[in-house]
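Undergrad:
There are 4 protein chains.
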Amino acid sequence: MCRFLAYLGDTIFLDELVCKPQHSLVRQSLRADQAKAVTNGDGFGIGWYGERQTPGVYREVMPAWSDENLLALCANVRSHLFFAHVRAATGTGIARQNCHPFHYGPYLFMHNGQIGGYGQIRRAMEARLPDHLYAQRKGATDSELLFLLIIARMEMGESVPDAVNQVLNETLAMMQVLQIHEPLRFAAALADGEQVHAFRFSSDKRAPTLYMREASEAEGGRGLVVASEPLADEQQGWELIPQGMVLRLGREGFSRLALG
Amino acid sequence: MCRFLAYLGDTIFLDELVCKPQHSLVRQSLRADQAKAVTNGDGFGIGWYGERQTPGVYREVMPAWSDENLLALCANVRSHLFFAHVRAATGTGIARQNCHPFHYGPYLFMHNGQIGGYGQIRRAMEARLPDHLYAQRKGATDSELLFLLIIARMEMGESVPDAVNQVLNETLAMMQVLQIHEPLRFAAALADGEQVHAFRFSSDKRAPTLYMREASEAEGGRGLVVASEPLADEQQGWELIPQGMVLRLGREGFSRLALG
Amino acid sequence: MCRFLAYLGDTIFLDELVCKPQHSLVRQSLRADQAKAVTNGDGFGIGWYGERQTPGVYREVMPAWSDENLLALCANVRSHLFFAHVRAATGTGIARQNCHPFHYGPYLFMHNGQIGGYGQIRRAMEARLPDHLYAQRKGATDSELLFLLIIARMEMGESVPDAVNQVLNETLAMMQVLQIHEPLRFAAALADGEQVHAFRFSSDKRAPTLYMREASEAEGGRGLVVASEPLADEQQGWELIPQGMVLRLGREGFSRLALG
Amino acid sequence: MCRFLAYLGDTIFLDELVCKPQHSLVRQSLRADQAKAVTNGDGFGIGWYGERQTPGVYREVMPAWSDENLLALCANVRSHLFFAHVRAATGTGIARQNCHPFHYGPYLFMHNGQIGGYGQIRRAMEARLPDHLYAQRKGATDSELLFLLIIARMEMGESVPDAVNQVLNETLAMMQVLQIHEPLRFAAALADGEQVHAFRFSSDKRAPTLYMREASEAEGGRGLVVASEPLADEQQGWELIPQGMVLRLGREGFSRLALG
């Protein structure tokens, strides 16, 4: 299990959410409270949108808690939309190519969860990638693969929720064919520079937690935060996103829709 | 273009060949003489056989010349059969997973060269891997892919030279189908703990250089060295391996055979 | 708090103690049981004596649990005397230069503990180093500094226990002058290729734990292991070393003496 | 010999100067033209001023040419004042702590050159640091030491040129006492967020090169660039800064003064 957060709103310094909170992601890298894997030390990453269409991405294999570059970066970069992720590997190697967020064109994606029986199903899923996205595959994770499959559908014109829904359904169908009984768990966020879609899903009703709250002026600006767990002991203001739900964050606020 | 060396013979310290020579591989990492890419600073690796069947492997993304671990390791590890490789990347990312030597079971493999039009051909070649080797694919390089394709044939009972020959022919055939006109260049070595096969091949008769000489008692023991280029200005004793040739090194000496 | 182990005895593969045990050091890097800092992910190191006088050393800033090089190395290197250490930093940066074991000539040293008020006292302690050892200072840790101060006394002819005792006493005296009330805690091991001295000391009687047991044939050979904590749930055979004690391990067995 | 560049002017993306030019610093990391060490692959760093007083700093031990984070960062960070540096180590280890630019409070510093006989003189120079700056010493380089000695004088009220001049004179005096005949070479830049001072000095009249030119609108904004060597074959517009000169860049333009 990994931990992540996404922010959309007024332009604020990344450290307001990534480093400063009592249970910031940097601190969660050392010890998360609601995660099964107590340490998320298998690399981390941040992604942010600035003045260009392509987001900035910084990924590193060191634990987040010991990386001075990360602190300096978060203290000096401001953004209206950013992602941060700390990784607890689930079988695939420790490499920058396997760290979240993944990026492709204007899109950022990060994931907490796992495809059950990934080793058995990986090849059949990779076979579904169109050539140009197959060539974009740089690492070995199930997360990157899901991302590219979603992108493939979005390129065909599907909306983000539809694309995600279809990819999850196809994956479940393939798991059934291969008689995989481990669950498919999927808490994830996907951004395009303008809006963020956040998902909470699991085939066994034990989806990784996902919370939302409004950011306040005290944090540098008004906006919305989605996070794997509340960033402070005080959980007031944090709302647990129900399983099977998609959250769509935009400039104008947020909306909820059911997945599928 | 990368640089590499392979040794088989009496048990000697790795530093005798990897670090001490005038043009040692560590120095070649900073500046090779016969290589087109003057700097081989995109990672390196060593592999060696000790008392277990599976070889030891140490790969790192830093340049070899600046890695204290490499020097300490080579000064303290002795082996009768070892590989060393410094990398100049040709398009795929800098990651330990992309560094040579690659290993699978008792086998070590390293490569200097390139599959022309790899981006176009990669998918069709990966499709030829049996499932259990597809699952072993950890990086993105053409070199690792060639290695796994060779292993697949060896597992079917083919000899090492036959397996390599078939994989090269298949690759060339596929390149022709896809109308790829860039060359396939392949200087490589494959070991199993007992013997080493070294190959020098190119579709355009401009194969990466590959030399051989006998190691002397002054280097700690008698044996045979195969290297991308002579390890000293004094090239006496070094024999250039002709293109299209396979060299087979064993305990009892070496033999030459034509590839294909 | 860091975690470490030292072995002296028959020549065995490092992985027998470093990787395989139920609570191996690699596993302790992710979660130690008796350590205050639950994660020892701020780098690690191993040091071993082979056929040369100078030991091999491999240190890395990644967490031990995610380093494939470490596993491969430990599976292929055999030694009669080796150290392994996983680090939880106490204020100084994450860098290979700050990872244990430290080495100088034929000596290896590793440490678990802390000099109280190190920031205040560091300069006065560094001033005590002779020029040639001052020039050997590569990192910023209190541990490396203690090691070099001990070496300075050993070079003057003092025995290892005397040198350590004097350095601890001088440090305590300096702490008193500077009115530092934080404790000096010191669990450490120092080797010279022939023997190991292990120390357990604290100014506040809360020294980091240190255990000893005999290694069995089942682990590849007979010998003695000193470790921060037992390597298995089953603690039978493990003896807690009392505070204020020095353990001297040699080929012929071990002896205990009081520190100071 | 290292390579560096400094920019002050309109707010522009870092990649305009760091990555895009024909002879950009990223390309110089692989092969510099006017540098004696052809490869500057021993780490790199960038520092930039944004909306906070403390600059952002990103330093890494990999070669600049292979770091995707660097490219992504430079493509997404804009600044009115930034530094970039690629390192060719001169004896001290490869570690982030030894990479330029160094930072302290609002100051950034980078250096190309060397203190002759640094090993002999280091201790006497470190002894001149006030306690609070001694405690800030994180690496082992002569460059960081010069920076902290300059800061010490600036904290006493000296102007930047006076502080640098005094530190260079003191260093030369100490070198004379210790009968060091190797030269002191110093091409450097120091910034405070508002202005940049660039220095070119050598005790043997063979100072590392340092050039200046105006940045044009085509690069995203008007400003001034100081660099170790011209960023393109076309050297028009680049002015070689004479030895013994200080260049002061500010919002209103630049001025020249003699050093000392």
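Protein chains in written order, with our numbering: chain R, 20 to 279; chain B, 20 to 279; chain Z, 20 to 279; chain D, 20 to 279.
For glycine and all other residues, C-beta sits at the position ideal for the given N, C-alpha and C.
#1: Over what stretch of residues does the alpha helix (DSSP H) that includes Tyr137 of chain Z continue unbroken?
#2: Is it right to say Met231 of chain B is buried, meaning 16 or more other beta carbons lie within 10 angstroms of its own, or is it exposed?
#3: Using only the alpha-carbon positions, how far apart do Ala54 of chain B and Ala226 of chain B sit?
#4: If you draw a straight line from the alpha carbon of Trp67 of chain D to that of Phe101 of chain D, how long is it in whole angstroms?
#5: I want to verify the contact list: residues of chain B whose CB lies under 8 Å from the CB of Val215 of chain Z, in sequence order.
#6: Would you list the residues sitting across from Ile65 of chain Z in a DSSP beta bridge?
#7: Just to make sure I have the definition right: I need the residues of chain Z whose C-beta is within less than 8 Å of the C-beta of Ala108 of chain R. Which are they?
#8: Give a yes or no on whether the C-beta atoms belonging to Ala103 of chain D and Leu24 of chain D are separated by under 7 Å.
#9: Of all the residues that make up the region 123-143 of chain R, which are near chain B by a beta-carbon distance shorter than 8 Å?
#10: Mind checking which residues open and close the beta strand (DSSP E) that includes His122 of chain Z?
#11: Exposed or buried, which one is Gln72 of chain D when buried takes at least 16 other CB atoms within 10 Å?
#12: With a threshold of 7 Å between beta carbons, is Asn117 of chain B in contact with chain Z?
#13: From this set, R:Gln262, R:Gly28 and R:Ser48, which residue's C-alpha is nearest Leu250 of chain R's C-alpha?
#14: Residues of chain B with CB closer than 7 Å to the CB of Gly69 of chain Z, please, in chain order.
#15: Could you tell me the alpha carbon to alpha carbon distance between Gln255 of chain R and Gln262 of chain R, rounded to whole angstroms?
#16: For Val80 of chain R, which residues in the same chain have their Cβ closer than 8 Å to its Cβ, ignoring the five residues on either side in sequence?
#17: Count the other C-beta atoms from every protein chain shown that fall within 10 angstroms of the C-beta of Glu271 of chain R, then say buried if there are 16 or more, exposed otherwise.
#18: Could you spell out where the alpha helix (DSSP H) holding His216 of chain B opens and where it closes?
#19: Run through DSSP, which three-state label would Gln155 of chain B get?
#20: Around the C-beta of Gln133 of chain D, are 16 or more other C-beta atoms found within 10 angstroms, so that it is buried, or is it exposed?
#21: To which residues of the same chain is Met264 of chain D closer than 7 Å at the C-beta, ignoring the five residues directly before and after it?
#22: Can Leu266 of chain R and Ala207 of chain R be called in contact, C-beta distance under 7 Å?
#23: Which residues, taken in chain order from the region 142-157 of chain B, show a beta carbon closer than 7 Å to some beta carbon of chain R?
#24: How is Asp29 of chain D classed by DSSP in three states: helix, strand or coil?
#25: Give the interface partners of Ala210 of chain R over in chain B, defined as CB-CB distance under 9 Å, in chain order.
#26: Which value, in whole angstroms, describes the spacing of the CA atoms of Ser222 of chain D and Glu87 of chain Z?
#27: Can you list, in chain order, the residues of its chain with a C-beta nearer than 7 Å to that of Ser98 of chain D? Leave out the 5 residues immediately preceding and following it.
#28: At the 7 Å Cβ level, is Gly112 of chain D part of the contact set with chain Z, yes or no?
#29: Can you look up Glu233 of chain Z in the DSSP assignment and give me helix, strand or coil?
#30: Which residues in the same chain have their Cβ closer than 6 Å to the Cβ of Gly158 of chain R, if we skip the five residues on either side of it in sequence?
#31: Which class does Gln195 of chain Z belong to by DSSP, given the choice of helix, strand or coil?
#32: Quick test of your reading: Leu27 of chain Z and Val105 of chain Z, contact by CB under 8 Å. State the CB separation rounded to the nearest angstrom.
#33: According to DSSP, is Glu201 of chain R part of a helix, a strand, or is it coil?
#34: Applying a beta-carbon distance threshold of less than 7 Å, which residues of chain D neighbour Ala159 of chain Z?
#35: Would you call Asp150 of chain R buried or exposed, if buried means 16 or more other Cβ atoms sit within 10 Å of its Cβ?
TA: On the basis of the coordinates in this document:
#1: Looking at the DSSP string, the run of the alpha helix (DSSP H) that includes Tyr137 of chain Z is Tyr137 to Glu145.
#2: Per the 10 Å Cβ criterion, buried.
#3: Its pLDDT being 46, under 50, Ala54 of chain B is placed unreliably by the model, and the measurement read from it follows with that caveat. Roughly 12 Å separates the two Cα atoms.
#4: If you take the alpha carbons of Trp67 of chain D and Phe101 of chain D, they lie about 4 Å apart.
#5: The premise fails here: Val215 of chain Z is roughly 18 Å from chain B at the closest Cβ pair, so nothing lies under 8 Å.
#6: In the DSSP assignment, Ile65 of chain Z is bridged to Z:Tyr77 and Z:Ala103.
#7: Near Ala108 of chain R (Cβ distances below 8 Å), the residues of chain Z are Ser85.
#8: Taking a C-beta distance under 7 Å as the contact criterion, Ala103 of chain D and Leu24 of chain D qualify as a contact pair.
#9: Of all residues in the region 123-143 of chain R, Gly138, Arg141 and Arg142 have a Cβ within less than 8 Å of some Cβ in chain B.
#10: Where His122 of chain Z is concerned, the enclosing beta strand (DSSP E) starts and stops at Phe121 to Tyr123.
#11: It counts as exposed.
#12: Not closer than 7 Å to any Cβ of chain Z, the Cβ of Asn117 of chain B fails to qualify, so no.
#13: Considering only R:Gln262, R:Gly28 and R:Ser48, the residue with the shortest C-alpha distance to Leu250 of chain R is R:Ser48.
#14: The answer, in chain order, is Asn95.
#15: Whole-angstrom Cα-Cα distance: 20 Å.
#16: Asp61, Gly62, Ile113, Ala114, Arg115 and Cys118, listed in sequence order.
#17: Flag for Glu271 of chain R reads exposed.
#18: Careful: His216 of chain B lies outside any alpha helix (DSSP H), inside the beta strand (DSSP E) at Val215 to Ser221.
#19: DSSP places Gln155 of chain B in coil when its eight states are reduced to three.
#20: Label assigned to Gln133 of chain D: buried.
#21: Closer than 7 Å at the Cβ level, and outside the excluded window around Met264 of chain D, lie Arg219, Arg275, Ala277 and Leu278.
#22: Remark: C-beta atoms of Leu266 of chain R and Ala207 of chain R do not approach each other more closely than 7 Å.
#23: Cβ contacts with chain R: Arg142, Asp150, Tyr153, Ala154 and Lys157.
#24: Three-state result, Asp29 of chain D: strand.
#25: Residues of chain B passing the Cβ test: none, with the nearest at roughly 23 Å.
#26: Here the alpha carbons of Glu87 of chain Z and Ser222 of chain D stand approximately 48 Å from one another.
#27: Cβ neighbours of Ser98 of chain D within its own chain (closer than 7 Å, five residues either side excluded): Thr30, Leu33, Trp67, Tyr68 and Gly69.
#28: For Gly112 of chain D, the nearest CB of chain Z lies under 7 Å from its own CB, placing it at the interface with that chain.
#29: If DSSP states are grouped into helix, strand and coil, Glu233 of chain Z belongs with the strands.
#30: Listed in chain order, the non-local C-beta contacts of Gly158 of chain R below 6 Å within the same chain comprise Gln116 and Asn117, local neighbours out to five positions each way being set aside.
#31: Here DSSP, grouped into helix, strand and coil, assigns Gln195 of chain Z to helix.
#32: Approximately 20 Å separates the beta-carbon atoms of Leu27 of chain Z and Val105 of chain Z; this is outside 8 Å, ruling out the contact.
#33: In the structure shown, Glu201 of chain R adopts coil according to DSSP, grouped into three states.
#34: Chain D residues near Ala159 of chain Z: Lys157.
#35: Exposed, since its Cβ has fewer than 16 Cβ neighbours within 10 Å.
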